[in-house]
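Engineer: Numbering follows the UniProt record's numbering, with no gaps: position 1 of the sequence shown is 1. Dropping a structure here in structure tokens format, bear with me for questions.
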Amino acid sequence: MENTIDSALEDNKRSASTRPSTDDNKATDNYLAQMRGFEEDRINLAKQSAKTAWKVATGFGVVALAAVAAVAMMMPLKQVEPYLLRVDNATGHTEMVRPLADAKSITYGEVLDKYWLNRFIIERNGYEWETVQNSYNSVKLMSNRQVFGAYSGYITGANSPAKTFGENKVIKINVQGIAFLPATSKEQTLAQVRFTRIVENSEGVEAIGSQPTTWTATVTFDYNGNVKTEKERRINPLGFRVTSYREDRNLTK
1 MENTIDSALE
11 DNKRSASTRP
21 STDDNKATDN
31 YLAQMRGFEE
41 DRINLAKQSA
51 KTAWKVATGF
61 GVVALAAVAA
71 VAMMMPLKQV
81 EPYLLRVDNA
91 TGHTEMVRPL
101 ADAKSITYGE
111 VLDKYWLNRF
121 IIERNGYEWE
131 TVQNSYNSVK
141 LMSNRQVFGA
151 YSGYITGANS
161 PAKTFGENKV
171 IKINVQGIAF
181 LPATSKEQTL
191 AQVRFTRIVE
201 NSEGVEAIGS
211 QPTTWTATVT
221 FDYNGNVKTE
231 KERRINPLGF
241 RVTSYREDRN
251 LTK
């Protein structure tokens with residue numbers, strides 16, 4: 001038994017003392033070289049991936065900053081401007097009430113035109129016993145002969161408000177909108193004025209048996225009125241003159 005153990009120990013010593021062959025060393029070196037190459041490739045790949053990730057992250061960061069800067073620059077241009085719609089309960093007419101910012105787009109001439117049209121419509125169609133003569137004089141100064149002749153026949157006729165209503169009732173005029181239309185003459189301006197006529201009693205309440213009526217007046221005008229005296233100039237300083245006038249009642253359901 002001891003001989004067998006001693007023999008095995010001797011064999012192990014001989015095997016341990018035996019040097020590897022040259023081929024074995026080359027194979028080992030090749031294997032180790034391949035392992036080092038594999039590790040270096042993995043390291044280089046990891047470095048390239050990290051560089052790519054940083055480049056992508058930097059790119060997204062630049063885009064995000066540019067977007068924030070663009071929004072910040074556009075914020076002063078973004079303004080919320082509410083638009084109101086005004087609806088006439090009696091006629092259903094809808095009118096857009098423009099914000100004050102839109103006043104910049106309205107010309108000085110347009111403002112004057114609308115002012116004089118508004119005043120002419122009120123003077124011609126409204127009625128108050130105490131001011132009927134003033135309205136008569138104003139319409140005369142703001143009309144040519146034909147337009148004033150038609151008005152004079154109406155206000156002094158048998159069915160005029162002065163004879164029908166006297167001091168008991170008034171006619172209130174509410175101008176709802178003024179629109180300018182293409183004119184056939186450069187000297188004349190064409191416009192349409194939409195207004196409501198309301199008959200009220202002396203207490204300012206809608207008269208019994210009377211309902212508001214809506215009308216559209218088609219008007220041509222210029223500023224060539226024959227204004228001679230200082231007194232007339234105070235009434236019509238710019239010589240506003242209506243050269244044609246027609247009004248049509250708007251039928252509502």
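Don't be surprised by glycine CBs; every beta carbon is placed ideally from N, CA and C.
(1) Starting from the C-beta of Asn168, find all residues in its chain whose C-beta is less than 8 Å away, skip the five residues before and the five after it, and write them out in chain order.
(2) Identify every residue that forms a DSSP beta bridge with Ile171.
(3) By DSSP's criteria, Asp113 is part of a beta bridge. Which residues make up the other side?
(4) Is the distance from the Cβ of Arg241 to the Cβ of Ser143 below 8 Å?
(5) So, at 7 Å on beta carbons, what are the nonlocal neighbours of Ile173 in its own chain, with the 5 sequence-adjacent residues on each side left out?
(6) In this structure, how does DSSP classify Ser160 when only helix, strand and coil are distinguished?
(7) CB-CB under 8 Å to Ala150, same chain, minus the five flanking residues each way: which ones, in chain order?
(8) Inspect the beta-carbon positions of Val227 and Leu141 and report whether they are closer than 8 Å.
(9) Note down the Cα distance separating Val111 from Ala66, rounded to an integer number of angstroms.
(10) Ignore the nearest five residues each way along the sequence and tell me which others in Thr220's own chain have a CB closer than 6 Å to its CB.
(11) Along the chain, where does the beta strand (DSSP E) containing Phe221 start, and where does it finish?
(12) For the beta strand (DSSP E) containing Asn250, name the first residue and the last one.
(13) Between which two residues does the alpha helix (DSSP H) harbouring Lys140 extend?
(14) Mind checking which residues open and close the alpha helix (DSSP H) that includes Val227?
(15) Below 8 Å on the Cβ atoms is my contact criterion, and I expect Val139 with Ala162 to pass it. Report the Cβ-Cβ distance as a whole number of Å.
(16) Expressed to the nearest angstrom, what Euclidean distance is found between the alpha-carbon atoms of Val145 and Lys231?
(17) Please state if the CB of Trp129 and the CB of Gly153 are separated by a distance shorter than 8 Å.
(18) Could you spell out the range, first to last residue, of the alpha helix (DSSP H) harbouring Gly166?
(19) Might you give, ordered along the chain, the residues of its own chain that have their beta carbon closer than 6 Å to the beta carbon of residue 315, omitting 5 neighbours on each side?
(20) Taking Ala207 as the reference, which of Gly239, Ile171, Ile178, Ala183 has the closest Cα?
(21) Mind checking Thr52: buried by the 16 CB within 10 Å criterion, or exposed?
(22) By the DSSP assignment, the alpha helix (DSSP H) with Ser152 in it spans what residues?
(23) What's the C-alpha gap between Thr229 and Thr214?
(24) Just list the residues that DSSP pairs Glu206 with in beta bridges.
Structural biologist: Looking at the atomic coordinates:
(1) Asn201, Ser202
(2) Tyr127, Val199
(3) DSSP output for Asp113 lists no bridge partner at all.
(4) yes
(5) Ile121, Ile122, Asn125, Gly126, Phe195, Arg197
(6) coil
(7) Tyr245
(8) Closer than 8 Å, so yes.
(9) 44 Å
(10) Gln188, Leu190, Thr243, Ser244
(11) 213-222
(12) 241-250
(13) Counting along the chain, Lys140 sits inside the alpha helix (DSSP H) bounded by residues 132-141.
(14) Unbroken run through Val227: none, as it is neither H nor E.
(15) Their Cβ separation, rounded to whole angstroms, is 14 Å, which puts Val139 and Ala162 out of contact at 8 Å.
(16) Residue 145 is actually Arg in this sequence, not Val. Spanning the two alpha carbons is a distance of roughly 20 Å.
(17) no
(18) Taken as a continuous stretch (DSSP letters only), Gly166 belongs to no alpha helix (DSSP H), as it is neither H nor E.
(19) As shown, the chain starts at 1 and ends at 253. That puts residue 315 outside it, with no answer to give.
(20) Ile171
(21) exposed
(22) 145-155
(23) C-alpha separation (whole angstroms): 36 Å.
(24) Glu200
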